[in-house]
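Following this line, the structure appears as C-alpha cells:
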C-alpha cells in the first residue's frame, strides 16, 4: 500500500476526514517522565547497594571469600612414649598406613558402590562406614579414617586403582604400639578420637575434632605432655572441597614428650602373672570346703613404695590388650575382648581396673586399723590379754571365730598373728560401748588412714569404697529404700561395730586404699599419695641421655598423728602373722630370706555364683603386707575374687611380687593336696 | 485510522536504492543507543571470557566462542530488524500472537528437561529458548492490539482483554516452569499499558492483582494445601526476605553472590584472583549470577561502567518512546524498555540480595544465545522505531526531544 503513495504525499496538509494524527500527548510525556524517574531510582538503588557492598564493606567480604577457599588441615604430631621407671618402653609408636576418605570428594553417583568396594577390600563393616560418612556431611573437610594399619598389598591395590576410588587418600599416621601386649593395660589406658563431649571442654586447650586424645589411664591423665602440638597446614580447595593445591605447612607438628612412670615393667609382669597363676590355682586346686572358689575369676595386685607412694605395679585381672583401640576401632574386636557393655559381664568386665575401682569387703586386713584405733583411743593395752574364744556373743547374736582351735587369752600381736576374730569382736564392742560424746573413733581413724574416699591417684578412675558410720546408716535406710525394715536397719547396732572391727559387713575398700594403709604402717605413720607418673622427658638421639623436662610433683607423705609405739605393736603382730608358729601366712613367707610382714584376709561377700539361683557367701582372698619388715621398701596388696582363704591364694600371689622385687625365688612351693 | 497510518508509511524511502535516502535513514538512527548496545556486547563478551574460563576444562574459550557467534547472529538480526517497518508487526499481530503461542506450546511438548524445567528445544548445535523470543513477540502483539484500540484504551474491557491475552504466554512459561520469565512478561504487559495510556486506576488494579496473585502463590494457597510454585521456587523467593535463614540451602547462592560482589572491592580481583568464581563457590556464574562474577573480577569500577551502560540504553529507549511516529511504535518501544529495566533490576538486585532469586538472565551479558539474540532483535526494533520517528533532525528540529 505504501508503495503506491506518491513521494510528495507527506507534504500534503492533514486530511480533514481523518482523526487527529498521533502525537505525544501531555499525558504520555508525563508517563515517560514517571518511567524515567522510576528508572533513575532503580539505578540509584543498584549503584548505592553496589557501593555499599564493594567500597564500604569490600574488605570484610574479601576476608569471607578468602576463608571460603582456604582450609586449615591439622598435621598429626607424634605422641610421646611411655616408659617404665628404668626407661623400658611400655608404649611407643609405629608408622602405619591409614586409608582416609574425604567425604567432599565422593562423587554423587556411585558413592555407595565405592563405599561398598572399599568396605569389602579393607574388611570394615559397610554400615559403619556409611554412618561415618553421613556424620561428616556438615564437615566434609575432616576425613573419615576408614582403616589404619592397612596391609601392603591392599595399599598397592588402592594406589593402582586410585581413579576408581575418588576421595580415598593413603596417608602415614602414627599408631600406638604396645611392647608387652596387655601388660599394665589398665594403667596405660588407650588413645582414641576425641569425643564430642570431650571436645566441648577442651576447645580452648587447642583440641579440635578428629584429634586423638588419651582415653583413661596414663594416656588421658598425662595427655597434655604426651600429645605434642599438631601442625597446621593450609590447603586451597574449591566449593566441593577438592584440594586445588598442595599442603603448605604454616606450623610444623611438634612431637609429644615421653613420660616416665614409677611402674617397674618386670614387677608389673610378675604381679600380672601372679594374679593369673593364683586365680587359676584357686579354681583348679581349691580345697573342698571352699565354696565358690571354682569361680575365682578376677583379682588385683597393688605394689607401691611406702616411702613416697610411687606405684611399682598395678595389676588387674581379667585384662585386655589396649591394641584393640589402635587406629580405627573394630567393634567386633571390642566385643570379643569383652569391652562393650553387652559382652563385658561374660568376661567379668575386663575394662574395670580392680586395683583402684574394685570395691571389696576387706576382711581381716582391716584388723590393724582396728588395733591402731583401739590403742590410740586407750581402749586396750596391747600386751594385756583379751580372750580369743571360738565364739563371741553380743546382744543375743553369736559371732564365731574363723577357727574353733583357739580358746585362750591373747595379746594384740598374737591376735594379729592368728587373726583371731573374737579378740577383735571384743574390741569392736568396746568401740560400740563408748559414750556418745566420744564419737565414732574407729571410723575416724579409718578415715584418717584414707578409707572411704579416693586416694588421689594421679591417673584417676578410683572408687571411694564405703566406710559405714551411724550417719551413713541413717541416710541409707529410709522408708523409701527399705520399706519393710527401715526402722531397725537405720540404727547402728552392736553387730555393726563388732563386724566392722574385722572388716566385714558394710565396709568396702579398694586394694589401693588398703595398700596405702599398709604403707602407713610400713613408713611409721605417714599417709602417701599413690601415683604412677614420675617425670616428663625428651628422648634424645640414640645413645644420648634423655633430658628431664619436668619432675612430676605429688603431695608429700602426710603424718597422721598416730603413735609410733602403737605402730610398732602392729608391725610386731604383722611380722608374727608371717613368721609366728600360728601365723596365717607363715607357710608362705616363713622361709623367705627377706623378712616380710603382712596380714591375710578372708572377706565374706554375698553373691550369686554363676549357675546358682541363690546368693551364697563367698570368700574374697586378701593379703597385704610389706618387706623388708624392718625397713620396708615395698607394700604389696593382693586380692583374688572368690579365691577362698587369703593365706592360700592371695599370700602366695603377693609373694611372687616380692620374689621378683628382691630377686629371690624358690623358697615357696605350693603345698601338695594332701598337705 | 488504519488508512491514515498506512498513508504515513514510508518504508519505501528507507529501502530505496537512492544513496541520500539511505544516508538520511542512517542519520536518523539512534547512534548513541547503538554505541551503548555495542559497548554492552563487547563488555559482555569480556565478562564471559573471564567468568567462564575454568568452566570447561581444557577449553577456556568454549563459552566465549559460542557467545561471540550468537552475538554476531544477533548483530545481523539487529541490522535486519532496523530496516523492517514496525508497522508490519502491527498489521500481522495475529500471526505474531500465533507464532508466540505456538513456540511456547512446542517447547512444552518437545522441550528438553534440564534442572527440573522444560525450557529449551535442542537443535544440536544450539539450544533454542522460545520464551526469550516470545518476550519480544508479546510486546509486538500487545503494541498492535492496544494501538488498534488506542481510542478505547480507557475501557476496562480493552485492558481486561490485553491482560487476558498476555496471561496465555505467561502461563505457558510458568508451566515450564520459569517463574522469572513469566514475571518479565508481566513487566512487558505493564509497560505497554502504561505507554498506551491505560487509566491509572486500571493499572493500580492490575498491580494489586499481581500482588494478590503473588501472595496467593507464595503463602496463602500452600497454606491450604495447593502448591502453585515448586517448593524450591517459593523458598528462593521467600528466602530473599531473610537471607541467612538457610545458608547451606536456598539462600546459599545469594550469600555466595554477595560475598563475591563485596570481595571485588573497588578495582576487582582479576580473573585468576576471583576465587568465588574460579573455585565454583558461586554457582551458575555464567548465567544468572554473571553480574556477581563480573563485579568480583572487575570491582566497583567495572560493575559501575556496566550499570552506566544499561542506564544509557534505558534513557535512549525512553527517548525513542517519546519520538515514536505512532501509538504502536511508542507502545512497542515502551514495552521493550520497561521489560528491559525490569530484567536489569531483578537480575542485578538478585545478585546483591535486594530482589528475589528468579533466574532471569542479565541482558546482553549472560551466557545464552536465545536471550542475547532476542535482546538484540528488540534493540533493532527500537532503532526501526527511532529511524521512523518524528524527532529526526532536519525534518523537525527541536520537536519533542533534544537534538543530538
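Protein chains in written order, with the numbering used here: chain H, 1 to 675; chain B, 676 to 1079.
Even for Gly, the Cβ is constructed at its ideal location relative to N, Cα and C.
- Residue 403 of chain H counts as exposed, since fewer than 16 other C-beta atoms from the protein chains shown sit within 10 angstroms of its C-beta.
- The Cβ of residue 982 of chain B sits closer than 7 Å to at least one Cβ of chain H.
- Chain order gives no chain H residues near residue 968 of chain B, where near means a beta carbon separation below 8 Å; the closest approach is about 12 Å.
- Contact check between the stretch 298-313 of chain H and the stretch 338-346 of chain H: fewer than three CB pairs, one atom from each, fall below 8 Å, which does not count as touching.
- The C-beta of residue 1027 of chain B comes closer than 7 Å to at least one C-beta of chain H.
- Along the length of the stretch 809-858 of chain B, whole alpha helix (DSSP H) runs at least 4 residues long occupy 831-849, reported in chain order.
- The beta carbon of residue 941 of chain B sits closer than 7 Å to some beta carbon of chain H.
- Between residue 235 of chain H and chain B, the shortest Cβ-Cβ separation is not below 7 Å.
- No Cβ of chain B is located within less than 7 Å of the beta carbon of residue 135 of chain H.
- Less than 7 Å separates the beta-carbon of residue 723 of chain B from that of residue 738 of chain B.
- For residue 410 of chain H, the pairing in a beta bridge is given by DSSP as H:386.
- Between residue 957 of chain B and residue 932 of chain B, the gap from beta carbon to beta carbon is short of 7 Å.
- The secondary-structure analysis by DSSP pairs residue 485 of chain H with nothing; it has no beta-bridge partner.
- In the three-state reduction of the DSSP assignment, residue 534 of chain H falls in the strand class, which pools E and B.
- Per DSSP, the continuous beta strand (DSSP E) segment holding residue 190 of chain H begins and ends at 190-193.
- When the five nearest sequence neighbours on each side are left out, the beta carbons in the same chain lying within less than 8 Å of the beta carbon of residue 77 of chain H are those of 227, 228, 229, 230, 231, 253, 254, 255 and 256, in order along the chain.
- Note that the stretch 937-946 of chain B touches the stretch 56-64 of chain H; at least 3 beta-carbon pairs, one per stretch, sit closer than 8 Å.
- Residue 214 of chain H is bridged by DSSP to H:191.
- Taking a C-beta distance under 7 Å as the contact criterion, residue 321 of chain H and residue 181 of chain H qualify as a contact pair.
- Within the stretch 568-595 of chain H, no complete beta strand (DSSP E) segment of 3 residues or longer occurs.
- When C-beta atoms of the stretch 631-646 of chain H are compared with those of the stretch 692-709 of chain B, fewer than three pairs fall below 8 Å, so the two segments do not count as touching.
- Between residue 209 of chain H and the set H:67, H:621 and H:73, the nearest pair of CA atoms involves H:73.
- Among the residues of chain B, those whose CB is under 9 Å from the CB of residue 57 of chain H are 937, following chain order.
- Following the DSSP letters along the chain, one finds residue 448 of chain H inside the alpha helix (DSSP H) bounded by residues 441-448.
- What residue 933 of chain B touches in chain H, judged by beta-carbon distance under 8 Å, is 53 and 61, going in chain order.
- Contact between residue 806 of chain B and residue 867 of chain B is absent: CB atoms are separated by about 18 Å, not below the 8 Å threshold.
- Taking 7 Å as the threshold, the shortest C-beta distance from residue 67 of chain H to chain B does not fall below it.
- Burial of residue 834 of chain B is indicated by the presence of at least 16 other C-beta atoms within 10 angstroms of its C-beta.
- Rounded to the nearest whole angstrom, the C-alpha separation of residue 818 of chain B and residue 1006 of chain B is 5 Å.
- Among the CB atoms of chain H, one or more fall inside 7 Å of the CB of residue 956 of chain B.
- When B:783, B:815 and B:703 are compared, the shortest CA-CA separation from residue 767 of chain B is found for B:815.
- Within chain H, 39 have C-beta atoms less than 7 Å from the C-beta of residue 989 of chain B, given in sequence order.
- Secondary structure note for residue 316 of chain H: its beta strand (DSSP E) is the uninterrupted segment 311-317.
- With respect to the 7 Å criterion, residue 653 of chain H and residue 313 of chain H are not classified as neighbours on the basis of their beta carbons.
- When beta bridges are read from the DSSP output, residue 360 of chain H appears opposite H:509.
- With a minimum length of 4 residues, the unbroken runs of alpha helix (DSSP H) contained wholly in the stretch 40-87 of chain H fall at 58-69.
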